[in-house]
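Quick note: my numbering has the sequence shown finishing at residue 291, numbered continuously throughout. Reviewing the structure listed below.
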Amino acid sequence: MFQKRKIVMALSALTVSATLLAGCGGSQQQAATSGSGDAKISGKVSASGSTALLPLLKPAQEAFQEKYKDVTINVAGGGSFTGMNQVGEGSVDIGNSDVNLPDEYKDKGLVDHKVVVEPFVFIVDKENKVDNLTKDQVVGILTGKIQNWKEVGGADQKITLIHRAKSSGSRATISDVVLKGAEFTDDAVIQDSNGAVRAAIASTPGSLGYVDAPYADDSVKVLKFDGVEYTAQNIIDGKYPIYGYGHMYTKGEPTGAVKAFIDYILSDEFQNSQVEKLGFIPVSKMKK
4 MFQKRKIVMA
14 LSALTVSATL
24 LAGCGGSQQQ
34 AATSGSGDAK
44 ISGKVSASGS
54 TALLPLLKPA
64 QEAFQEKYKD
74 VTINVAGGGS
84 FTGMNQVGEG
94 SVDIGNSDVN
104 LPDEYKDKGL
114 VDHKVVVEPF
124 VFIVDKENKV
134 DNLTKDQVVG
144 ILTGKIQNWK
154 EVGGADQKIT
164 LIHRAKSSGS
174 RATISDVVLK
184 GAEFTDDAVI
194 QDSNGAVRAA
204 IASTPGSLGY
214 VDAPYADDSV
224 KVLKFDGVEY
234 TAQNIIDGKY
244 PIYGYGHMYT
254 KGEPTGAVKA
264 FIDYILSDEF
274 QNSQVEKLGF
284 IPVSKMKK
């Protein structure tokens, strides 16, 4: 009887020891799995806002999802202020914007992640003979004071201004950098995205508008501004002034897949290999 009790006690001790060892082993395994990081990033990320940033974010979305199979990212347009409104309300994880955070958004707990330099260009239809506009001429057209191409060295043809709505960060950038307080004319055709502006310009003789540089393809003609053509190097060297910064706003500090996606866009891997190919400029290349 005594011998049997010793055996039972020994078996119980072994069971407890095994349980403890299994528990320790389990914790180490969980920590190692958690520490492996990349393979365990999962979840859904929603973003809306700037259409100017879409040529950057769509390829980034595809590359990120290829790298992290358990993450789904949805990126939509709608305009910079729409993006800031939606992230402020908590209806999306990221609000993409072409503008610095306005004062009216500063009580919404938004955190700014400046991810890229966005160049903008003025475009016309391909039949237009004008190659360059001075800053004063651009301001005159945008404010409605100049209404015919013959006033700026072109044909005797009415100028049709095609641009963005007030919710657009692209419009805000042009207002800030070019107009500097002057008001846009109301005599304009309004489109809801950079792509729509480009398409309308391409098919409308005598039209003029502005788009994020990656949208300027062979269907339109890009104008020089004050005699300077747009190139990434001219922006870096301070010769071409029409640009802004692309922002990704989050409500509070991002975590999980949201943080991983923003970190990926800011990584050397993406910034150094993809940003310029996509028509943008890495923030790190701008002179202080």
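Note that the Cβ used here is the ideal one computed from N, Cα and C, for glycine as well.
### Task
Go to A50, then tell me how far its beta strand (DSSP E) extends in each direction, as first and last residue.
In the sequence shown, the residue the question calls residue 50 occupies position 47. Its beta strand (DSSP E) spans residues G46 to G52.
### Message
Since F67 and Y267 should fall inside the 8 Å C-beta cutoff, what is the C-beta to C-beta distance between them, to a whole number of angstroms?
### Response
Locating residue 67 in the sequence shown gives position 64, counting from the first residue. Locating residue 267 in the sequence shown gives position 264, counting from the first residue. 5 Å between Cβ atoms; contact.
#### Entry: Within 8 Å, strictly: CB atoms of V78 and A55
Numbered from 1 along the sequence shown, position 75 holds the residue referred to as residue 78. Numbered from 1 along the sequence shown, position 52 holds the residue referred to as residue 55. Cβ atoms of V78 and A55: not closer than 8 Å.
### Query
Between the Cα of L281 and the Cα atoms of A260, V120, D134 and S206, which residue gives the shortest distance?
As a first step, residue 281 must be located in the sequence shown, where it is residue number 278. Considering only alpha carbons, the answer is V120.
### Reduced DSSP category for I193 - H, G, I as helix; E, B as strand; rest coil
Translated into positions along the sequence shown, residue 193 becomes position 190. Three-state DSSP puts I193 in a strand.
### Message
Going by DSSP, what residue range makes up the alpha helix (DSSP H) through A260?
### Response
Residue mapping note: residue 260 aligns to position 257 of the sequence shown, counting from 1. Where A260 is concerned, the enclosing alpha helix (DSSP H) stretches over G259 to L269.
### Length at least 4, wholly inside the segment 63-95: the alpha helix (DSSP H) runs in chain order
83-92
### Task
In the DSSP assignment, find the beta strand (DSSP E) that holds G249 and state where it starts and stops.
Position 246 of the sequence shown, counted from the start, is the residue given in the question as residue 249. Y246 to K254 is the span of the beta strand (DSSP E), which, as asked, contains G249.
### Query
Which whole-angstrom value describes the C-beta separation of A191 and L226, a residue pair presumed to lie in contact below a C-beta threshold of 8 Å?
Counting from 1 along the sequence shown, the entry for residue 191 is found at position 188. Counting from 1 along the sequence shown, the entry for residue 226 is found at position 223. L226 and A191 do not touch by the CB rule: their CB atoms are close to 17 Å apart, not below 8 Å.
### Query
With 16 as the cutoff for other CB atoms within 10 Å, does G230 come out buried or exposed?
Numbered from 1 along the sequence shown, position 227 holds the residue referred to as residue 230. Flag for G230 reads exposed.
### Message
Check this for me: beta carbons of Y246 and P58, under 8 Å apart or not?
### Response
What you label residue 246 is simply residue 243 of the sequence shown in a count that begins at 1. What you label residue 58 is simply residue 55 of the sequence shown in a count that begins at 1. Not in contact: Y246 and P58 (Cβ atoms no closer than 8 Å).
### Message
Can you tell me whether S94 is buried or exposed? The criterion is at least 16 other CB atoms within 10 Å of its CB, across all chains shown.
### Response
Translated into the one-based positions of the sequence shown, residue 94 becomes position 91. Label assigned to S94: exposed.
### Query
Are there 16 or more other CB atoms within 10 angstroms of the CB of A216, so buried, or fewer, so exposed?
Along the sequence shown, read from residue 1 onward, the residue named residue 216 stands at position 213. Flag for A216 reads buried.
### Message
Assess contact between the segment 122-138 and the segment 254-264, defined as three or more Cβ pairs (one per stretch) separated by less than 8 Å. Is contact present?
### Response
no
### Task
Tell me, please, which residues DSSP counts as bridged to K224.
As a position in the sequence shown, residue 224 is number 221, starting the count at 1. Paired residues: V127.
### Task
Scan the segment 150-220 and note each continuous beta strand (DSSP E) run of 3 residues or more that stays entirely inside, going in chain order.
163-167, 192-194 and 210-215
### Query
If you scan the segment 96-126 from start to end, which runs of the beta strand (DSSP E) of 3 or more residues do you find wholly inside it?
97-100
### Task
Return helix, strand or coil for V231, following the three-state DSSP convention.
Translated into the one-based positions of the sequence shown, residue 231 becomes position 228. In the structure shown, V231 sits in a strand (DSSP, three-state: E or B).
### Query
Roughly how many angstroms lie between the CA atoms of I284 and V278, to the nearest whole one?
Indexing the sequence shown from 1 puts residue 284 at position 281. Indexing the sequence shown from 1 puts residue 278 at position 275. I284 and V278: Cα-Cα distance of roughly 6 Å.
### Three-way DSSP call (helix, strand, coil) for L60 in this model
Sequence index remark: in the sequence shown, residue 60 carries index 57 (1-based). L60 falls in the helix class under three-state DSSP.
### Query
Just the Cα atoms here: how many angstroms apart are T137 and K72?
Counted from its first residue, the sequence shown places residue 137 at position 134. Counted from its first residue, the sequence shown places residue 72 at position 69. Taking the straight line joining both Cα atoms gives about 49 Å.
### Query
What does a CB cutoff of less than 6 Å around K242 pick up in its chain, not counting 5 residues either side in sequence?
What you label residue 242 is simply residue 239 of the sequence shown in a count that begins at 1. Here the set comprises V231.
### Task
Locate the alpha helix (DSSP H) running through Q140, then write down its first and last residues.
Stepping through the sequence shown from its first residue, residue 140 is reached at position 137. First-last of the alpha helix (DSSP H) with Q140: K138 to T146.
### Query
Is the CB-CB distance between G82 and A168 below 8 Å?
Taking the sequence shown and counting its residues from 1, one reaches residue 82 at position 79. Taking the sequence shown and counting its residues from 1, one reaches residue 168 at position 165. In this structure, A168 lies closer than 8 Å to G82 by Cβ.
### For N135: DSSP bridge partner residues
Counted from its first residue, the sequence shown places residue 135 at position 132. Checking the DSSP bridge columns, you'll see N135 partnered with K227.
### Message
What does the alpha-carbon distance come out to for the pair G147 and F187?
### Response
By one-based count along the sequence shown, residue 147 stands at place 144. By one-based count along the sequence shown, residue 187 stands at place 184. Roughly 7 Å between the two C-alpha positions.
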